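All letters in the sequence shown, in the order written, are residues 1 to 62 by the numbering used here. For every residue, glycine included, the Cβ atom is placed at its ideal position computed from N, Cα and C. The structure presented is a predicted model; accordingly, all values stated were derived computationally and were not measured. One structure is given below, encoded as structure tokens.
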Amino acid sequence: NTDYGGEMAFNLLRLYIFINRRLADSLQGDERGLPDALRILRHVQETWHKAVGIARQERGES
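Here it is as structure tokens:
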């Protein structure tokens, strides 16, 4: 929700659109499309895991 999340939500939306395009490129024969999308998604997953860990620490959770 870009109304609530502001610039960060907008940037994530742009990133997910890019990933979607790379997946579509892969379906059209671009051999780098899928590996590119997976590399980015792994990085996004790692970043979300770190963000959740930081939020839990700030709230005193384990």
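Straight-line measurement puts the Cα of His49 at about 20 Å from the Cα of Asn1. Between the beta-carbon of Ala9 and that of Leu23 there is about 21 Å, and that puts the pair past the 8 Å contact cut. At the C-beta level, Leu34 and Ser26 come within 8 Å of one another.
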